[in-house]
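First up is the structure itself, then whatever we jot down about it.
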Amino acid sequence: MNTHDILSAMIAAEEEASELMLHADSILAERKTDRRDVVTEYDRRVQALLIERLDEAVPGARFFCEENDRHDDLGAEHLFIIDPIDGTMNFVHGFHHSCVSVAYMSRGALLAGAIRNPYMKEQFTALRGEGAFLNGQRLHVSEALLCDTLVVCGTAPYENSSPEKTFRLMEKAYRASLDVRRQGSAALDLCSVAAGRAGVYFEMALSLWDYAAGVLIVEEAGGVCTRLDGTPLPFDASRPSVLAGGRTAYADFQALL
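Put into structure tokens, the structure is as follows:
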């Protein structure tokens, strides 16, 4: 199976999983580590569905997922990185700004990404070396200066050591840009950068399932993705900072640091 077929399987699985989100009823949140880190039965159901469908499409595939501690070998020949519902807090509270995110890696190389926002019926996709797309239309990051763009960001709510740093940087970003948006989904924030809706996205700490698919979509749309200090992002079980943007706005933001 080639990467085009694998991406098609990812898209089909996300479309089916999105229907679970759209028809969710009586959403109850359970704490995982603290009151800001929550999970629902739909996170688990979506993840189980994605694993089932992708295992059918790529027999023997391995999985690195947010829920249920499914963390297989990241160097596997066929590996899917899954965030079943990115933006669970939004999902619980009816904000309708959440998504299904799946990335595909082979022996450590990120080759395909798919992110679906079921509420907007937006399907973001990318294949390594073949560009990024939204519902079939090619994407390109903004080429504007930081002062002429919006900044999207996350507050790394699971990292209790980072809020002061985050909010200081948010103030700098606010003063240097048109405005700041905090929307509650790292994957969709990265898609906003890829689509040119925002010039820059940053967050102090993310897990691999939060950023893997979105990073490929940004890079294939012509953007840059690194840690905040400019070093390459790891594709492992650490929780690095993430900075993504169009090349001009990214460089302007680096100057703020």
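Numbering (my numbering), first residue to last: 392 to 648. Where a beta carbon is used, it is the ideal one built from N, C-alpha and C, also for glycine.
In terms of alpha-carbon separation, which member of the options lies closest to residue i?
i	options	result
Q438	A448, F454, V449	F454
T557	A640, D464, E594, I473	E594
H469	L518, V449, T546	V449
R519	E562, A604, S409, L440	A604
L501	D460, T431, Y641, I397	I397
G451	L619, G575, M392, A585	M392
E458	L619, S598, A640, F515	S598
R498	R630, G522, G636, F626	F626
N481	A612, W600, G545, E513	G545
A640	E534, L624, R630	E534
A628	V483, T516, C456	C456
L536	A642, T424, R426	A642
A567	A400, L541, Q574, L619	L541
Rounding to the nearest angstrom, what Cα-Cα distance links residue i and residue j in this structure?
i	j	result
S583	S489	13 Å
E610	R435	29 Å
R638	G478	27 Å
L607	F644	20 Å
D464	L569	42 Å
G614	H414	35 Å
L579	A494	14 Å
M496	A503	7 Å
L530	R507	15 Å
Just to confirm, is the Cβ distance from residue i to residue j under 9 Å?
i	j	result
Y602	A577	yes
V672	T622	Nothing about residue 672 can be reported from this structure: the residues present for the chain run from 392 to 648 only.
E407	L440	yes
S553	A505	no
G636	Y592	yes
Give the C-beta separation of residue i and residue j to the nearest angstrom, bearing in mind that I take them to be a contact with Cβ-Cβ under 8 Å.
i	j	result
G587	V543	Not really, about 12 Å apart at Cβ, beyond 8 Å.
A589	L647	Contact flag wrong, Cβ pair sits at about 15 Å.
Note to self: I want to know whether the segment 462-481 touches the segment 490-499 - three or more CB-CB distances under 8 Å.
What the structure shows: yes
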